[in-house]
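Going by full-length UniProt numbering, the first residue of the sequence shown is number 1, and it counts up by one from there. Beta carbons: idealized from backbone N, C-alpha and C, even for Gly. Fair warning: this is a prediction, and the values are worked out from it, not measured in the lab.
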Amino acid sequence: MGDLSFDEFLKVDIRVGTVVRAEPYPEARKPAIKLWVDFGDEIGTRKSSAQITRHYDPDGLVGKQVMAVVNFPPRQIGKFMSEILVLGLPDADGEIVLIGPDGAVPNGGRMH
Numbered sequence: 001m002g003d004l005s006f007d008e009f010l011k012v013d014i015r016v017g018t019v020v021r022a023e024p025y026p027e028a029r030k031p032a033i034k035l036w037v038d039f040g041d042e043i044g045t046r047k048s049s050a051q052i053t054r055h056y057d058p059d060g061l062v063g064k065q066v067m068a069v070v071n072f073p074p075r076q077i078g079k080f081m082s083e084i085l086v087l088g089l090p091d092a093d094g095e096i097v098l099i100g101p102d103g104a105v106p107n108g109g110r111m112h
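In structure tokens form, the structure reads like this:
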């Protein structure tokens with residue numbers, strides 16, 4: 001990967017939101033969970049499909065704050081339209097662990 005300028009970095013809009021709804025997505029090619037994430041009044045609730053079934057179940061995700069890129073164009077994932085990219089890191093086995101704040105912060109806050 002090449003270097004990224006600061007101006008290019010500023011174009012990526014990464015915000016914090018709270019999962020308000022989560023459902024299994026059994027129709028996905030790889031096991032996934034459908035998420036609805038509330039980013040506050042400015043952005044509202046957006047949805048995403050995430051391959052995070054190894055570490056998470058839908059019920060345990062509701063109320064969790066996560067980080068996501070909110071300014072990518074929507075992407076069709078099977079029959080589900082994903083509007084954001086929820087961010088995570090791979091564990092030792094390559095399974096995704098979600099990224100979020102250590103403590104509660106207001107929804108919609110932009111990453112600095």
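Assignment of Lys11 by DSSP, reduced to helix, strand and coil, places it in the helix class.
Around Leu10, the same chain offers no residue with a beta carbon nearer than 7 Å, after the five sequence neighbours per side are excluded. Linking Gly63 to Leu4 through their CA atoms gives a straight-line distance of about 34 Å. Within the UniProt domain "TRNA-binding" (8-112), the runs of alpha helix (DSSP H) at least 4 residues long that lie entirely inside it are, in chain order, 58-61.
A check of alpha carbon separations from Asp13 across Ile43, Gly103 and His55 identifies Ile43 as the nearest.
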